[in-house]
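Using this note's numbering, the letters of the sequence shown correspond one by one to residues 27 to 287.
We treat Cβ as the ideally placed atom computed from N, Cα and C, and that holds for glycine.
Please read all numbers here as calculations on a predicted model, not as lab measurements.
Here the structure is laid out as C-alpha coordinates; the discussion comes afterwards.
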Amino acid sequence: MMQSEGEETSTRSLIAGVGMKQVVSPHGRYMQITSDNPLRTLNSSPWGGGFGHHRVLMNRQVDKSYNETDPLVEMEAFIVREGLKPQDTAGMLTAAWVNDVGFSELAWPLAEEHGVQSVDAVNVDESLRIGAWVTVGLGNKARAGAILPAASLYPGTINTIVVIEGSLTDAAMVNAVITATEAKAAALQSLNITVNGQIATGTTTDAVLIAATGRGTTFRYAGTATTLGYLIGRTVHEAILASGQLYKLEMSKRDWLNSQG
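Spelled out as C-alpha coordinates, the structure:
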(Lines of atoms letter the chains of each structure in order from A; the text may use other names.)
(Lines give C-alpha, C1' and ligand atoms only; values in the text may rest on other atoms or scores of the structure.)
Protein backbone atom coordinates (compact mmCIF):
# COMPACT_ATOMS: atom_id res chain seq x y z
CA MET A 27 0.00 0.00 0.00
CA MET A 28 1.38 3.41 -0.97
CA GLN A 29 1.47 6.21 1.55
CA SER A 30 -0.17 9.56 0.98
CA GLU A 31 1.84 12.78 1.03
CA GLY A 32 2.58 13.93 4.57
CA GLU A 33 1.91 10.47 6.02
CA GLU A 34 4.32 8.63 8.32
CA THR A 35 4.47 5.03 9.47
CA SER A 36 6.85 3.93 12.21
CA THR A 37 8.16 0.85 13.99
CA ARG A 38 10.40 0.32 17.01
CA SER A 39 13.47 -1.88 17.13
CA LEU A 40 14.63 -4.37 19.75
CA ILE A 41 17.59 -2.04 20.15
CA ALA A 42 16.77 0.45 22.89
CA GLY A 43 16.19 3.97 21.61
CA VAL A 44 16.21 3.00 17.92
CA GLY A 45 13.22 3.18 15.58
CA MET A 46 12.38 3.43 11.90
CA LYS A 47 9.75 5.48 10.14
CA GLN A 48 8.65 5.93 6.55
CA VAL A 49 8.12 9.59 5.65
CA VAL A 50 6.29 11.04 2.66
CA SER A 51 6.73 14.81 2.71
CA PRO A 52 6.09 17.50 0.08
CA HIS A 53 9.80 17.24 -0.75
CA GLY A 54 10.03 13.50 -1.22
CA ARG A 55 9.86 10.03 0.25
CA TYR A 56 12.44 8.50 2.57
CA MET A 57 13.08 5.93 5.26
CA GLN A 58 14.46 7.36 8.50
CA ILE A 59 16.11 5.39 11.29
CA THR A 60 16.55 7.45 14.44
CA SER A 61 18.46 6.88 17.66
CA ASP A 62 18.03 8.64 20.99
CA ASN A 63 21.83 8.65 21.29
CA PRO A 64 24.46 9.17 18.57
CA LEU A 65 25.45 6.02 16.70
CA ARG A 66 29.00 5.42 15.54
CA THR A 67 28.73 4.95 11.79
CA LEU A 68 30.68 3.76 8.76
CA ASN A 69 28.90 4.84 5.60
CA SER A 70 29.88 4.19 1.97
CA SER A 71 27.60 7.00 0.73
CA PRO A 72 28.99 10.55 0.41
CA TRP A 73 26.61 12.30 2.85
CA GLY A 74 27.96 11.43 6.29
CA GLY A 75 30.43 9.16 4.52
CA GLY A 76 33.27 7.30 6.18
CA PHE A 77 33.43 7.12 9.97
CA GLY A 78 31.22 9.44 11.99
CA HIS A 79 28.56 9.83 14.68
CA HIS A 80 24.91 10.31 13.70
CA ARG A 81 21.46 10.20 15.26
CA VAL A 82 19.57 9.92 11.95
CA LEU A 83 20.17 7.40 9.16
CA MET A 84 18.27 8.40 6.01
CA ASN A 85 17.57 6.30 2.92
CA ARG A 86 16.06 8.74 0.43
CA GLN A 87 14.16 7.71 -2.67
CA VAL A 88 15.01 9.62 -5.85
CA ASP A 89 14.16 9.18 -9.50
CA LYS A 90 16.49 7.20 -11.76
CA SER A 91 17.09 10.43 -13.68
CA TYR A 92 18.49 12.14 -10.55
CA ASN A 93 21.65 13.86 -11.77
CA GLU A 94 22.51 16.81 -9.53
CA THR A 95 25.72 18.64 -10.35
CA ASP A 96 26.48 18.83 -6.62
CA PRO A 97 24.52 16.13 -4.81
CA LEU A 98 26.03 17.04 -1.42
CA VAL A 99 24.65 20.59 -1.62
CA GLU A 100 21.28 19.29 -2.80
CA MET A 101 21.19 16.63 -0.06
CA GLU A 102 21.98 19.18 2.64
CA ALA A 103 19.15 21.42 1.42
CA PHE A 104 16.76 18.45 1.46
CA ILE A 105 17.72 17.49 5.02
CA VAL A 106 17.24 21.08 6.23
CA ARG A 107 13.83 21.30 4.53
CA GLU A 108 12.82 18.17 6.41
CA GLY A 109 13.62 19.87 9.72
CA LEU A 110 16.66 17.68 10.44
CA LYS A 111 20.21 18.65 11.33
CA PRO A 112 22.67 17.87 8.51
CA GLN A 113 25.52 17.19 10.96
CA ASP A 114 23.38 14.59 12.76
CA THR A 115 22.33 12.80 9.57
CA ALA A 116 23.99 10.10 7.47
CA GLY A 117 22.22 9.90 4.13
CA MET A 118 21.87 7.47 1.24
CA LEU A 119 20.15 7.81 -2.13
CA THR A 120 18.26 5.03 -3.89
CA ALA A 121 16.13 4.54 -6.97
CA ALA A 122 14.39 1.62 -5.21
CA TRP A 123 11.00 1.97 -3.53
CA VAL A 124 11.79 2.70 0.12
CA ASN A 125 8.31 1.66 1.28
CA ASP A 126 9.25 -1.89 0.18
CA VAL A 127 12.05 -2.06 2.75
CA GLY A 128 13.05 -5.47 4.04
CA PHE A 129 13.65 -5.68 7.78
CA SER A 130 15.15 -8.41 9.91
CA GLU A 131 16.18 -8.34 13.55
CA LEU A 132 17.80 -10.90 15.84
CA ALA A 133 19.10 -11.05 19.41
CA TRP A 134 21.76 -13.35 20.83
CA PRO A 135 21.52 -15.91 22.27
CA LEU A 136 19.06 -17.31 19.75
CA ALA A 137 16.47 -19.71 21.08
CA GLU A 138 16.81 -21.96 18.02
CA GLU A 139 20.63 -21.88 17.82
CA HIS A 140 22.76 -23.58 20.46
CA GLY A 141 25.77 -24.94 18.58
CA VAL A 142 27.07 -21.85 16.75
CA GLN A 143 30.79 -21.39 17.31
CA SER A 144 31.92 -17.84 18.04
CA VAL A 145 35.24 -16.04 18.18
CA ASP A 146 33.73 -13.26 20.27
CA ALA A 147 32.24 -14.57 23.51
CA VAL A 148 29.04 -12.84 24.61
CA ASN A 149 28.23 -12.98 28.33
CA VAL A 150 24.89 -14.56 29.16
CA ASP A 151 23.71 -11.32 30.77
CA GLU A 152 24.54 -9.26 27.68
CA SER A 153 22.20 -9.55 24.71
CA LEU A 154 23.67 -8.72 21.31
CA ARG A 155 21.00 -7.21 19.06
CA ILE A 156 21.23 -6.60 15.32
CA GLY A 157 18.74 -4.88 13.02
CA ALA A 158 19.04 -4.75 9.21
CA TRP A 159 16.99 -2.56 6.87
CA VAL A 160 17.47 -3.06 3.13
CA THR A 161 15.82 -1.54 0.06
CA VAL A 162 16.17 -3.56 -3.13
CA GLY A 163 15.78 -2.54 -6.74
CA LEU A 164 17.25 -4.59 -9.55
CA GLY A 165 17.03 -2.30 -12.56
CA ASN A 166 20.82 -2.06 -12.76
CA LYS A 167 21.87 -5.45 -11.42
CA ALA A 168 25.51 -6.33 -11.90
CA ARG A 169 28.17 -8.92 -11.29
CA ALA A 170 31.46 -7.73 -9.80
CA GLY A 171 34.27 -8.14 -12.32
CA ALA A 172 32.01 -8.03 -15.37
CA ILE A 173 32.24 -5.27 -17.99
CA LEU A 174 29.40 -2.76 -17.63
CA PRO A 175 28.34 0.24 -19.73
CA ALA A 176 28.61 3.71 -18.21
CA ALA A 177 24.84 4.06 -18.61
CA SER A 178 24.45 1.58 -15.74
CA LEU A 179 25.72 4.12 -13.22
CA TYR A 180 22.63 5.74 -11.74
CA PRO A 181 21.40 6.12 -8.11
CA GLY A 182 21.90 3.10 -5.89
CA THR A 183 19.34 0.36 -5.76
CA ILE A 184 20.43 -1.97 -2.94
CA ASN A 185 21.03 0.10 0.18
CA THR A 186 21.83 -1.80 3.37
CA ILE A 187 21.68 -0.31 6.88
CA VAL A 188 22.78 -2.43 9.85
CA VAL A 189 22.40 -1.22 13.44
CA ILE A 190 24.29 -3.09 16.15
CA GLU A 191 23.85 -3.04 19.92
CA GLY A 192 27.52 -3.03 20.87
CA SER A 193 30.85 -1.29 20.42
CA LEU A 194 33.01 -2.07 17.38
CA THR A 195 36.65 -1.31 16.67
CA ASP A 196 37.46 0.34 13.34
CA ALA A 197 38.56 -3.03 11.99
CA ALA A 198 35.32 -4.67 13.12
CA MET A 199 33.28 -1.93 11.39
CA VAL A 200 35.08 -2.62 8.11
CA ASN A 201 34.70 -6.36 8.71
CA ALA A 202 30.94 -5.79 9.17
CA VAL A 203 30.76 -4.14 5.73
CA ILE A 204 32.43 -7.21 4.21
CA THR A 205 30.04 -9.61 5.93
CA ALA A 206 26.98 -7.56 4.94
CA THR A 207 28.20 -7.51 1.34
CA GLU A 208 28.76 -11.27 1.33
CA ALA A 209 25.22 -11.73 2.68
CA LYS A 210 23.87 -9.50 -0.09
CA ALA A 211 25.57 -11.63 -2.76
CA ALA A 212 24.25 -14.82 -1.11
CA ALA A 213 20.71 -13.40 -1.00
CA LEU A 214 20.82 -12.53 -4.71
CA GLN A 215 21.89 -16.09 -5.35
CA SER A 216 18.92 -17.32 -3.30
CA LEU A 217 16.64 -15.08 -5.37
CA ASN A 218 18.26 -16.39 -8.57
CA ILE A 219 19.08 -12.89 -9.83
CA THR A 220 21.30 -13.26 -12.89
CA VAL A 221 23.29 -11.11 -15.32
CA ASN A 222 24.03 -12.66 -18.71
CA GLY A 223 23.41 -16.12 -17.26
CA GLN A 224 25.59 -15.62 -14.17
CA ILE A 225 24.48 -14.85 -10.60
CA ALA A 226 24.46 -11.11 -9.85
CA THR A 227 26.51 -9.92 -6.87
CA GLY A 228 24.71 -6.59 -6.47
CA THR A 229 23.84 -3.53 -8.53
CA THR A 230 26.18 -0.93 -9.97
CA THR A 231 25.74 1.61 -7.16
CA ASP A 232 24.98 -0.23 -3.91
CA ALA A 233 25.70 1.34 -0.52
CA VAL A 234 26.26 0.03 3.00
CA LEU A 235 25.91 1.81 6.33
CA ILE A 236 27.00 0.15 9.58
CA ALA A 237 25.97 1.81 12.86
CA ALA A 238 26.81 0.81 16.43
CA THR A 239 25.32 2.05 19.69
CA GLY A 240 28.63 1.90 21.58
CA ARG A 241 26.91 0.09 24.47
CA GLY A 242 27.72 -3.33 25.86
CA THR A 243 30.29 -5.72 24.45
CA THR A 244 33.26 -4.51 22.42
CA PHE A 245 33.84 -6.51 19.24
CA ARG A 246 37.14 -6.73 17.38
CA TYR A 247 35.87 -8.98 14.58
CA ALA A 248 32.71 -9.26 12.52
CA GLY A 249 33.46 -12.08 10.12
CA THR A 250 31.11 -14.98 9.51
CA ALA A 251 32.82 -17.15 12.17
CA THR A 252 31.84 -14.69 14.93
CA THR A 253 28.56 -14.22 16.74
CA LEU A 254 28.36 -10.65 15.45
CA GLY A 255 29.10 -11.64 11.85
CA TYR A 256 26.69 -14.56 12.03
CA LEU A 257 23.84 -12.24 13.05
CA ILE A 258 24.81 -9.60 10.47
CA GLY A 259 24.80 -12.25 7.76
CA ARG A 260 21.44 -13.67 8.77
CA THR A 261 19.63 -10.34 9.18
CA VAL A 262 20.98 -8.82 5.96
CA HIS A 263 20.21 -12.00 4.01
CA GLU A 264 16.63 -12.14 5.31
CA ALA A 265 16.05 -8.40 4.78
CA ILE A 266 17.22 -8.63 1.16
CA LEU A 267 15.04 -11.66 0.51
CA ALA A 268 12.01 -9.78 1.88
CA SER A 269 12.63 -6.58 -0.10
CA GLY A 270 13.68 -8.48 -3.21
CA GLN A 271 10.46 -10.45 -3.22
CA LEU A 272 8.44 -7.24 -2.88
CA TYR A 273 10.39 -5.78 -5.81
CA LYS A 274 9.68 -8.85 -7.95
CA LEU A 275 5.97 -8.68 -7.05
CA GLU A 276 5.76 -5.00 -7.98
CA MET A 277 7.54 -5.56 -11.29
CA SER A 278 5.20 -8.47 -12.09
CA LYS A 279 2.20 -6.21 -11.43
CA ARG A 280 3.62 -3.53 -13.71
CA ASP A 281 4.36 -6.03 -16.47
CA TRP A 282 0.79 -7.33 -16.24
CA LEU A 283 -0.67 -3.82 -16.40
CA ASN A 284 1.49 -2.98 -19.41
CA SER A 285 0.33 -6.16 -21.14
CA GLN A 286 -3.30 -5.10 -20.60
CA GLY A 287 -2.74 -1.63 -22.02
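Excluding residues up to 5 positions away in sequence, Ile156, Leu257, Arg260, Thr261 lie with their Cβ nearer than 7 Å to the Cβ of Leu132 in the same chain. With a 10 Å radius around the Cβ and a threshold of 16 neighbouring Cβ atoms, Leu254 comes out buried.
Looking only at Ala168, Asn284, Ala209, Val189, the smallest Cα-Cα distance to Gly228 is reached by Ala168.
Between the alpha carbons of Ala206 and Gln286 lies a distance of about 40 Å. When DSSP states are grouped into helix, strand and coil, Ile258 belongs to the helix group. Each residue's CA atom was taken as its position, placing Tyr92 and Gly163 some 15 Å apart. A distance below 8 Å separates the beta carbons of Ala265 and Gly128. Asp89 is not a Cβ neighbour of Ser269, given a cutoff of 8 Å.
Contact check for Met118 and Arg86: beta-carbon distance about 7 Å, within the 8 Å limit, so the pair qualifies. Ser130 and Ile41 have their alpha carbons spaced roughly 12 Å apart.
DSSP, reduced to helix, strand and coil, places Tyr247 outside both helices and strands of the structure shown, so it counts as coil. Here the stretch 210-226 does not lie against the stretch 242-253, with fewer than 3 beta-carbon pairs under 8 Å apart.
Inclusion of Asp232 and Asn185 in the CB contact set at 8 Å is warranted, their separation being smaller than that value. According to DSSP, residue pairing for Tyr56 in a beta bridge involves Val49, Arg86. Under the DSSP assignment, Glu100 falls in the alpha helix (DSSP H) whose first and last residues are 97-107. In the three-state DSSP reduction, Glu208 falls in the helix class (H, G or I). For Ala213, the CB contacts under 6 Å within the same chain, skipping 5 residues up- and downstream, are His263, Ile266, Leu267 in chain order.
When the alpha-carbon of Thr35 is set against those of Val50, Leu110, Ser71, the nearest one is in Val50.
Looking at the DSSP output, Trp159 sits in a beta bridge with Phe129, Ile187. Around the beta carbon of Met277, fewer than 16 other beta carbons sit within 10 angstroms, so the residue counts as exposed. If you draw a straight line from the Cα of Asp281 to the Cα of Lys274, it comes to about 10 Å. Cβ contact annotation for Pro64 (same chain, cutoff 7 Å, sequence separation greater than five): His79, His80, Arg81, in chain order. Taking the Cα of Arg246 as reference, the smallest distance to any Cα among Leu217, Ala197, Phe77, Glu94 is reached at Ala197. Around Met57, the same chain offers Gln48, Asn85, Val124, Val127 as residues with beta carbons nearer than 6 Å, after the five sequence neighbours per side are excluded.
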